[in-house]
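Asks: The structure that follows is given in the form of structure tokens.
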Amino acid sequence: MCLAIPMQLIEITGEGLGKVNSGGVKTDVNIMMIPHARIGDYLIIHAGFGIEVLDKEEAEIRLDLFKELAAATAQEEEA
Amino acid sequence: MNPGEESLTARALARSIDEICSRHPGALRFMEVCGTHTMAIHAAGLKKLLPKNLQLVSGPGCPVCVTEKGFIDRAILTGEKHRACIVTFGDLVRVPGSSGSLATFRAEGGRVRVVYSPADAIGVAAEEAPRPVVFLGVGFETTAPTIAVTLKMALSKGIENLFVLPAFKTIHQPLKILAAKEDLHGFLLPGHVSAIIGSDSYGYLVDEFQKPGVVAGFEPLDILLALRDLVQMAAAHQPKIVNDYKRVVRGQGNSAARSIVDEVFEPTDALWRGLGNIPGSGLALRGTYAKFDATVQLPVEAAPAKDDPRCLCAAILTGGKTPDKCGLFGKECTPEEPVGPCMVSSEGTCAAYYKYGAG
């Protein structure tokens, strides 16, 4: 029930309200509890509400770590 | 990342886990607290990648599963006695009460409407007026703020026929009970609950119980990374709280969400399936918002509810048993004909085992 997915904020439509886009599907969400959200941010959406803003830098750090692990494993397995 | 890279990363993490576990005498037993993690672990088949002496057991973080049977009874009685429209998340509709579920109540002429978002209850209240509309308030810290915001909107719009039947839960109090269990060596901590309460809030696991905890994301690789960190800390007897979901979870959590919750709710005792009454583990409507409380405004008298004694949901929710040990599992209890809520909820442990297998 605590399922939540990232969707990109494309428009502020009213006080505490915004429009998000995920793969071309646009929907209205409540952003009252993430006043720091800006257009272009990826929001974590739970039951129609933004609960947090995705930290792109942290997402990239994680991706880099995984890519390094993948590269190291590929080398090991070839050797 | 392409699938090839994902597979290589998974193998690298699984190998690290295997190496640490092979040097560790005895079993390491971790609890994944959150039902969404349970489902993700089974859907990705992660248990097949783990060594035999690393065991994962499910916890109480499935809100539908920990909700007592008596709550379903009260919801149906409220609908009957007050001719109320019951508004709920879809997961609750087929959970068995003492005599039928909300689905059977609807089939017998009761009014039940399923919503995706609590905010939709405002529109439902306008459509159903003057009939009372009762939203079933089930959920953890992730969901409570969405209902708090909804009630703030209802208050400002002057909506008079919307009520909430509260069964909210908070995670720290049951976690303290479970952390005291000697056969649990660490915790995979919930991702989206932690987005609200913050990864710093779990310090007691280390300070009081000397057990590690890792806040994890929900992708298979997120979970494997978190398990590697848990295994490392548990094997070395160096417990810490690690946040492996930093792209979403901050140390301090979401203070704006928490202040909205504090405005609308106050802590209260709550009944948990499997854990009984836990002081301070629920949320009650406070002050101005008490007028939305269905238990007060639309009272009913519900007889105490009894669970089927053969159903193992209670033990499964506290890491004591796995679904394959239940005599009802897959026979009398299936997703089509569930006996207990763990088979109904889309994140219930029995549903995960039924759909994807034990491994």
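Chains A and B, in that order, give the protein sequences. Each residue of the first sequence is one higher than the one before, starting from 5 at the first, in the numbering used here. Each residue of the second sequence is one higher than the one before, starting from 9 at the first, in the numbering used here. Yeah, the Cβ is synthetic: ideal placement off N, Cα and C, and Gly gets one too.
(1) From B:VAL101 to B:ALA35, what does the alpha carbon distance come to, in whole angstroms?
(2) If you draw a straight line from the alpha carbon of B:LEU57 to that of B:GLU227, how long is it in whole angstroms?
(3) Listing by chain order, which chain B residues have their CB less than 7 Å from the CB of A:ASN34?
(4) With a Cβ-Cβ cutoff of 7 Å, do A:GLY20 and A:ILE9 count as a contact?
(5) Can you tell me which of B:GLU168, B:PRO220, B:THR46 and B:LEU233 puts its alpha carbon nearest to the alpha carbon of B:ALA298?
(6) According to DSSP, what are the bridge partners of A:TYR46?
(7) Just the Cα atoms here: how many angstroms apart are B:SER125 and A:PHE53?
(8) Does B:VAL72 pass the burial test, meaning 16 or more other C-beta atoms within 10 Å, or should it be called exposed?
(9) For B:ARG318 and A:LEU67, I'd like the C-alpha separation in whole angstroms.
(10) I need the straight-line Cα distance from B:GLY145 to A:HIS40, nearest angstrom please.
(11) A:LYS30 lies in the beta strand (DSSP E); which residues open and close that run?
(12) For the region 9-74 of chain B, which segments carrying the beta strand (DSSP E) assignment without a break, of at least 3 residues, lie completely within its bounds, in sequence order?
(13) For B:GLY139 and B:GLY131, I'd like the C-alpha separation in whole angstroms.
(14) Tell me the DSSP secondary structure of B:ALA133 in three-state form.
(15) Residues of chain B with a CB under 8 Å from the CB of A:LEU78: which are they?
(16) Could you tell me which of B:GLU13, B:VAL65, B:TYR253 and B:GLN260 sits nearest to B:HIS193, measuring between CA atoms?
(17) Would you say A:MET11 reaches chain B, if we count a Cβ-Cβ gap shorter than 7 Å as a contact?
(18) Starting from B:PHE143, trace the beta strand (DSSP E) both ways and give me its first and last residue.
(19) Using the DSSP secondary-structure output, state which residues sit across from B:CYS341 in a beta bridge.
(20) Taking 8 Å as the threshold, find out whether the region 62-80 of chain A comes into contact with the region 241-258 of chain B through three or more Cβ pairs.
(21) Taking C-beta pairs closer than 8 Å, name the residues in chain B that A:GLY52 reaches, listed in chain order.
(22) Using the C-alpha atoms, what's the distance from B:THR178 back to B:ALA203?
(23) Is the shortest distance between the beta-carbon of A:ALA83 and the beta-carbons of chain B less than 7 Å?
(24) In chain A, which residues lie less than 9 Å from B:CYS42 when you measure between Cβ atoms?
(25) Measure the Cβ-Cβ separation of B:LEU110 and B:VAL95 and say whether it is below 7 Å.
(26) Closest to B:PRO307 by CA distance: which of B:ALA51, B:GLY87, B:GLY288 and B:LYS60 is it?
(27) Can you list, in chain order, the stretches of the alpha helix (DSSP H) that have 4 or more residues and sit fully within the region 178-257 of chain B?
(28) Could you tell me which of A:ALA51, A:GLU62, A:ASP32 and A:GLU80 sits nearest to A:GLY18, measuring between CA atoms?
(29) At the 7 Å Cβ level, is B:THR276 part of the contact set with chain A, yes or no?
Replies: The structure says:
(1) Roughly 39 Å between the two C-alpha positions.
(2) 15 Å
(3) At a beta-carbon threshold of 7 Å, the residues of chain B lying near A:ASN34 are ALA127 and VAL157, ordered along the chain.
(4) no
(5) B:GLU168
(6) A:GLN12
(7) 8 Å
(8) buried
(9) 46 Å
(10) 27 Å
(11) 29-34
(12) 36-42 and 62-69
(13) Going by the sequence as given, residue 139 of chain B is Arg instead of Gly. Near 13 Å, if we compare the C-alpha coordinates of B:GLY131 and B:ARG139.
(14) helix
(15) Note that residue 78 of chain A is Ala in the sequence shown here, rather than Leu. LEU16, listed in chain order.
(16) Per the Cα distances, B:VAL65.
(17) no
(18) 141-147
(19) B:PHE337
(20) The region 62-80 of chain A makes contact with the region 241-258 of chain B; the number of CB pairs closer than 8 Å reaches 3 or more.
(21) Identification of chain B residues near A:GLY52 by a Cβ-Cβ cut-off of 8 Å yields TYR124, SER125, PRO126, ALA127, ASP128 and THR154, ordered along the chain.
(22) For B:ALA203 and B:THR178, the distance between alpha carbons rounds to 13 Å.
(23) no
(24) Using a Cβ-Cβ cut-off of 9 Å, B:CYS42 is close to CYS6 of chain A, given in chain order.
(25) no
(26) B:GLY87
(27) With a minimum length of 4 residues, the continuous alpha helix (DSSP H) runs that stay inside the region 178-257 of chain B are 180-187, 199-205, 211-215 and 228-244.
(28) A:ASP32
(29) no
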